[in-house]
Amino acid sequence: MSDIILGIESSCDDTSAAVIRDGWLLSNVIASQDVHKAYGGVVPELASRAHELNIVPVVSEALSRAGVAPGDITAVAFTRGPGLLGSLLVGTSFAKALGLSLGVPIVMVNHLQGHLLADFIRQEGVPVREPAFPYLCLLVSGGNSQIVRVDSPLSYTILGQTIDDAVGEAFDKCSKMMGLGYPGGPVIDRLAAKGDPLRFKFAKPHIPGLDYSFSGVKTSLLYFVRDQLALDPDFMEKNKEDICASFQKTLIDILLDKLIKAARQTGIKDITIGGGVSANSGLRSRIEAEGRKRGWRTFLPEFKFTTDNAAMIAIAGYYHYLAGERAPLDTAPVSRMSDF
Ligand code: KG4
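Residues 497 to 836 (the working numbering) make up the sequence shown, in order.
Right, here's the structure in full:
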């Protein structure tokens with residue numbers, strides 16, 4: 497008998513549903529919400545309304561692409577948090593209603609655990625290559641910047657994390673400040689590829705241990721741009737590629753300094769990355785380069801698994817299901833990691 501898990505993800509501004517059979521991905525459908533672009537960031541109320549509109553068609557499409565009927569589903573896995581409460585409420589309520597109507601169990605998943613386990617999503621036609629436990633995951637998104645030691649699918653320890661902004665927030669806020677639009681990461685990534693990463697220097701934090709800080713580098717860029725614009729109003733337009741390349745390099749240096757330290761301290765050499773910022777081309781090539789230099793085995797998720805997606809929720813849900821975990825029907829979503 498196969499285990500067929502329907503995964504549902506609605507933690508922020510992507511509505512996604514995926515179907516996994518015994519760990520193999522059958523479908524992964526994502527509806528992104530363009531409505532937020534005009535506001536330079538995600539508007540929570542608009543996000544939950546868009547999830548309400550999207551959830552039924554997205555789940556239907558995922559089932560139909562997988563060739564799976566609702567009656568074939570073994571369990572429904574859903575993101576319980578962390579994320580935007582209104583957004584999470586849509587996915588959580590839908591999962592509960594579907595589980596109840598089908599008479600199948602529901603399984604709750606921590607969104608971040610989905611990112612940690614994305615390398616275990618198996619796909620037809622793609623060679624299986626998975627990290628060995630324990631491994632380190634650099635989890636970098638719009639809401640998190642962490643180094644996590646993953647000891648088994650369901651047990652992990654956060655070794656270090658940001659004490660202020662997440663690295664994705666630094667990309668987004670600085671892009672907004674430079675008038676480059678939202679989300680900032682992809683724009684800065686694209687411009688950085690054409691610029692000189694060594695042209696400008698930005699302040700790096702001095703935080704003990706394995707924790708991160710990204711608010712200082714953001715302020716450093718803010719003052720730098722303000723001072724330069726006072727001297728030449730066209731400074732930004734003339735230099736945006738070099739500014740982006742130098743700023744991105746600073747962020748990557750900060751991320752890698754602590755990751756290298758964590759690998760040295762733990763002796764762990766299997767390194768994965770996850771979260772929206774793991775799509776960054778500069779970060780990906782730098783991790784691979786460091787890996788070659790330091791004898792790491794590096795695992796970079798496919799681009800479609802870097803941002804929010806239900807495939808990772810389904811795979812994490814699969815492990816929870818195998819461990820016998822079931823969520824009660826009065827499970828409420830939680831917005832913060834510490835509430836798990
Ligand atoms: O994991 P994610 O999709 O969701 C949240 O954390 O909510 O991450 C979104 C973040 C945004 O800050 C976005 O700017 C960043 O991921 N991002 C990138 C790139 N693509 C997305 N940052 C740097 N380079 C990219 N190519």
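Glycine is no exception: its CB is placed at the ideal position from the N, C-alpha and C atoms.
Residues of its chain near alanine 775, where Cβ-Cβ distance is below 8 Å and the 5 sequence neighbours each way are ignored
One-based indexing of the sequence shown puts residue 775 at position 279. Answer for alanine 775: Gly681, Pro682, Asp685, Phe799, Thr802 and Thr803, listed in chain order.
In chain order, what residues of the same chain lie with their CB nearer than 6 Å to the CB of alanine 614, ignoring the 5 residues before and after it?
Reading the sequence shown from its first residue, position 118 is the one you call residue 614. If we look at alanine 614 and ignore the five residues flanking it on each side, its Cβ neighbours are Gly770, Pro797, Phe801 and Met808.
Using beta-carbon positions only, say whether lysine 754 and leucine 706 come within less than 8 Å of one another.
Within the sequence shown, residue 754 is the residue found at index 258, counting from 1. Within the sequence shown, residue 706 is the residue found at index 210, counting from 1. Contact: yes.
Given 7 Å as the limit, tell me if glycine 638 has its C-beta closer than that to any heavy atom belonging to the ligand KG4.
Against the sequence shown, residue 638 aligns to sequence position 142. It does: the Cβ of glycine 638 is within 7 Å (strictly closer) of some heavy atom of the ligand KG4.
Of all the options Leu687, Phe710 and Cys670, which has the alpha carbon lying nearest to the alpha carbon of threonine 658?
Here residue 658 corresponds to residue number 162 of the sequence shown, with the count starting at 1. Closest option to threonine 658, Cα to Cα, is Phe710.
Answer yes or no: do serine 512 and valine 525 have a C-beta to C-beta separation smaller than 8 Å?
As a working mapping, residue 512 is identified with position 16 in the sequence shown. As a working mapping, residue 525 is identified with position 29 in the sequence shown. Yes; because the gap between Cβ atoms is below 8 Å, this pair is in contact.
Have a look at the DSSP bridge pairing and note the partners of phenylalanine 801.
Position 305 of the sequence shown holds residue 801. DSSP output for phenylalanine 801 lists no bridge partner at all.
Helix, strand or coil at threonine 827 according to DSSP, with G and I counted as helix
Within the sequence shown, numbered from 1, the residue matching residue 827 stands at position 331. Threonine 827: coil per DSSP, three-state reduction.
N- and C-terminal bounds of the beta strand (DSSP E) containing aspartate 510
Along the sequence shown, read from residue 1 onward, the residue named residue 510 stands at position 14. Its beta strand (DSSP E) spans residues 510–517.
Identify which residue in Glu786, Glu733, Phe696 and Leu725 has its Cα closest to the Cα of phenylalanine 743.
The count along the sequence shown starts at 1 and reaches residue 743 at position 247. The candidate whose alpha carbon is nearest that of phenylalanine 743 is Phe696.
List, from N- to C-terminal side, the alpha helix (DSSP H) runs of 4 residues or more that fit wholly inside the segment 540–607.
540–562 and 581–598
Less than 8 Å between the beta carbons of alanine 562 and leucine 522, yes or no?
Mapped onto the sequence shown, residue 562 falls at position 66. Mapped onto the sequence shown, residue 522 falls at position 26. Their beta carbons are under 8 Å apart, which means alanine 562 touches leucine 522 by this criterion.
Cβ contact (3+ pairs, closer than 8 Å) linking the segment 581–601 and the segment 504–520
yes
So, are the CB atoms of glycine 577 and valine 830 less than 8 Å apart?
Numbered from its first residue, the sequence shown carries residue 577 at position 81. Numbered from its first residue, the sequence shown carries residue 830 at position 334. Yes, the Cβ-Cβ distance between glycine 577 and valine 830 is below 8 Å.
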